[in-house]
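Enquirer: Those protein sequences? They're chains A and B, same order as listed. First residue of the first sequence: 7, per this note's numbering; consecutive thereafter. First residue of the second sequence: 180, per this note's numbering; consecutive thereafter. This structure is in structure tokens; I'll ask about it shortly.
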Amino acid sequence: MNSGAPAPSGGGGLIILATFLVGLMLSQIPLPYYLEWARPEWVAMILIYWVMALPHRVGMGVAFFLGLFLDVIKGSVLGLNALSLTIIAFLTLLLHQRLRMFPVVQQALMVMVLVGINQLLFHWMQAFTGYTGDNLIFLLPCLISAVLWPWLFVVLRGIRRLFRIK
Amino acid sequence: MAADLYSAKVRESRAYLSLLLTPLQWVIDVPSRFAGEVSDIVVDRSLLVKENAKLKSEALLLERKVQQNDALWFENNRLRELLKGSHRVDEEVQLVELIGVNPDPFQHQVIINRGSEDHVVLGQPILDAGGVMGQVTEISYYTSRVMLITDARHALPVEINRNGFRTIAIGKGDLDELELDHVPDTADIQENDLVITSGLGGRFPRGYPVAIVSKVIRDPGQQFARVRIKPTALLDKSRHLLLVSMPEVPIVSADTQPEDPVTASEEER
């Protein structure tokens with residue numbers, strides 16, 4: 007890894023990629039059926055962190071490609087997650103300076119809103135292509151994501167500082 | 180997105196994308212495989228002996244059933260020939276393993292470890308030890324995606340084993356329940372009836388168990404009776420599955436007479 011001596015560009019591209027890969031893996035680990043509804047949106051959370059911390063490196067393009075992979079994993083129409091993640095990345099880019107100032111709890115609230123927007127967009131568009139849900143339980147992941155945010159934030163910040171990714 | 184819905188070219192690119200993701204899926208599957216292997220190693224001897232005895236007695240029972248089954252199979256074919264009907268053809272099966280589950284709870288899909296390199300084709304039925312599980316809906320090179328019969332978009336032509344009443348089992352997006360569609364109030368369906376595939380529609384072979392009728396609600400205010408059925412396959416537990424290859428059904432015209440019934444039926448096997 008290029009962790010020891012950061013490249014002029016800031017280095018750590020591989021590390022960022024690795025965190026996203028872990029996120030993709032976490033988002034398809036088999037869970038018991040009833041827990042499936044509560045699966046946090048790992049990829050969206052990790053994306054929000056990196057966009058917030060390094061807006062000049064991780065942006066909407068990365069979000070788009072991540073979304074494509076997520077689409078393949080979830081078996082949804084190609085481009086659904088790509089669109090919703092791109093929108094989240096855009097919103098985070100708008101908010102990133104404020105987000106950095108917030109205490110972690112307030113950040114978690116914003117993450118809840120952002121992931122909630124992601125879920126709403128995703129399920130709204132899924133409904134166009136024939137999948138319907140009859141209740142609001144699909145919003146549960148955004149609550150869980152918000153609850154897990156402080157830990158994820160600390161871990162990712164630790165990683166960023168450890169490898170001095172700028 | 181529209182491109183994905185309407186064009187086959189994009190489907191291909193999807194296969195490439197999932198090829199990229201295949202190693203990830205394997206990696207995720209490692210812990211559960213590892214756990215299985217560890218529990219195979221760390222098992223005490225008396226347990227193995229007990230299990231062995233149990234399996235032997237089970238095998239004996241099953242063998243007895245198969246013997247009878249063989250005789251019945253030939254008898255059935257002979258009777259069919261008497262009636263100048265067509266043969267029942269045996270399907271070929273391939274053992275496959277489940278390596279992943281779709282993380283989206285709205286879609287009941289699983290991922291299996293065979294793909295187009297292993298000659299999986301679209302629409303192939305998947306069974307487990309209990310009964311029908313689903314059909315292949317998407318193929319990549321080394322993996323493919325199976326839609327379970329409980330998916331809200333799945334419908335399966337079935338019949339009641341007791342009396343041959345034909346209907347359609349509709350998935351509801353609920354892992355342990357399906358519903359029978361448009362069943363008249365007067366239809367002869369009782370609780371605990373076995374529901375089997377009817378083979379109509381040509382996707383699923385005939386005669387595999389699908390579900391047990393769990394509840395029949397006859398409401399005079401409704402046009403149709405509501406029949407709930409419980410799948411016999413362990414949809415959320417099975418790991419080793421069977422991929423069925425539907426045989427090319429030979430079209431036998433009425434005037435071609437098979438020479439000798441017994442040899443003809445043996446050739447078919």
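From the three backbone atoms N, C-alpha and C, an ideal C-beta is built for every residue, glycine too.
#1: Tell me whether the beta-carbon of Leu359(B) lies closer than 9 Å to the beta-carbon of Thr346(B).
#2: CB of Arg163(A) to nearest heavy atom of the ligand GDP: below 8 Å?
#3: With C-beta atoms as the reference, is Val57(A) less than 9 Å away from Val49(A)?
#4: Rounded to whole angstroms, what's the CA-CA distance from Leu23(A) to His419(B)? Just pull it up for me.
#5: For the structure I just gave you, are there three or more beta carbon pairs, one from the region 274–287 of chain B and one from the region 383–390 of chain B, closer than 8 Å?
#6: Using DSSP with H/G/I as helix, E/B as strand and the rest coil, what is Asp353(B)?
#7: By Cβ distance, which residues of its chain are closer than 6 Å to Pro46(A), with the 5 residues on each side in sequence left out?
#8: Please classify Arg170(A): does DSSP put it in a helix, a strand, or coil?
#9: Between which two residues does the beta strand (DSSP E) containing His419(B) stretch?
#10: Taking Cβ positions only, does Met180(A) come closer than 9 Å to chain B?
#11: Taking all protein chains shown into account, do 16 or more other C-beta atoms lie within 10 angstroms of the C-beta of Asn87(A), making it buried, or fewer, making it exposed?
#12: When DSSP labels each residue in this structure, what does Ala334(B) get in the three-state scheme?
#13: Using the beta-carbon of each residue, which ones in chain A are nearer than 7 Å to Leu284(B)?
#14: Does the Cβ-Cβ distance between Gln34(A) and Leu203(B) come in under 9 Å?
#15: What residues of chain A sit near Gln288(B), judged by a beta carbon separation below 8 Å?
#16: Which residue comes first and which comes last in the beta strand (DSSP E) that contains Leu327(B)?
#17: Please name the residue in Ala250(B), Arg341(B), Leu241(B) and Glu270(B) whose C-alpha comes closest to that of Gly381(B).
#18: Excluding the 5 residues preceding and the 5 following Arg407(B) in the sequence, name in chain order all residues of the same chain whose CB lies nearer than 7 Å to its CB.
#19: For Phe75(A), would you say it is in contact with chain B, using Cβ-to-Cβ distances shorter than 9 Å as the test?
#20: Could you tell me which residues DSSP pairs with Pro288(B) in its beta bridges?
#21: Could you name the residues of the region 192–211 of chain B whose beta carbon sits closer than 9 Å to any beta carbon of chain A, in the order they occur along the chain?
Expert: Taking the geometry as given:
#1: Mapped onto the second sequence, residue 359(B) falls at position 180. Mapped onto the second sequence, residue 346(B) falls at position 167. One thing to note: Leu359(B) has its Cβ within 9 Å of the Cβ of Thr346(B).
#2: As far as ligands go, the structure on display features none, and thus does not contain the ligand GDP.
#3: Walking along the first sequence from the start, residue 57(A) turns up at place 51. Walking along the first sequence from the start, residue 49(A) turns up at place 43. Taking 9 Å as the Cβ cut-off, Val57(A) and Val49(A) do not qualify as a contacting pair.
#4: Within the first sequence, residue 23(A) is the residue found at index 17, counting from 1. Within the second sequence, residue 419(B) is the residue found at index 240, counting from 1. If I take the Cα positions, the gap works out to 33 Å.
#5: Judged by Cβ distances under 8 Å, the region 274–287 of chain B makes no contact with the region 383–390 of chain B, as fewer than three pairs qualify.
#6: As a position in the second sequence, residue 353(B) is number 174, starting the count at 1. In the structure shown, Asp353(B) sits in a strand (DSSP, three-state: E or B).
#7: For the purposes of this step, residue 46(A) is taken as the residue at position 40 of the first sequence. Here the set comprises Pro147, Ile150, Ser151 and Leu154.
#8: Looking up residue 170(A) in the first sequence gives position 164. It is coil, neither helix nor strand.
#9: In the second sequence, residue 419(B) corresponds to position 240, counting from 1. Segment His419 to Ser424, the beta strand (DSSP E) holding His419(B).
#10: Because chain A spans 7 through 172 in this model, residue 180(A) falls outside it and cannot be assessed.
#11: In the first sequence, residue 87(A) corresponds to position 81, counting from 1. By the neighbour-count definition (other C-beta atoms within 10 Å, threshold 16), Asn87(A) is a buried residue.
#12: The residue labelled residue 334(B) in the question sits at position 155 within the second sequence. The answer is strand: DSSP assigns Ala334(B) an E or B state.
#13: Residue 284(B) sits at position 105 when you count from the first residue of the second sequence. Just to set this straight, residue 284(B) is Pro in the shown sequence, not Leu. Within 7 Å Cβ-Cβ: Glu42 and Trp43.
#14: Along the first sequence, read from residue 1 onward, the residue named residue 34(A) stands at position 28. Along the second sequence, read from residue 1 onward, the residue named residue 203(B) stands at position 24. Yes, these two residues count as a Cβ contact at 9 Å.
#15: Position 109 of the second sequence, counted from the start, is the residue given in the question as residue 288(B). Those are Gly81, listed as they occur along chain A.
#16: In the second sequence, residue 327(B) corresponds to position 148, counting from 1. It spans Ser323 to Leu327 - the beta strand (DSSP E) in which Leu327(B) sits, taken as one unbroken run.
#17: In the second sequence, the residue the question calls residue 381(B) occupies position 202. Considering only alpha carbons, the answer is Glu270(B).
#18: Position 228 of the second sequence, counted from the start, is the residue given in the question as residue 407(B). If we look at Arg407(B) and ignore the five residues flanking it on each side, its Cβ neighbours are Glu356, Glu358, Ser393 and Lys394.
#19: The residue you call residue 75(A) lines up with position 69 of the first sequence. Chain B contact via Cβ: present.
#20: For this step, residue 288(B) is matched to residue 109 along the second sequence. This sequence places Gln at residue 288(B); Pro is not what is there. In the DSSP output, where bridge partners are listed per residue, Gln288(B) has Met326(B).
#21: Ser192, Arg193, Leu196, Ser197, Leu199, Leu200, Leu203, Gln204, Val206, Ile207, Asp208, Pro210 and Ser211
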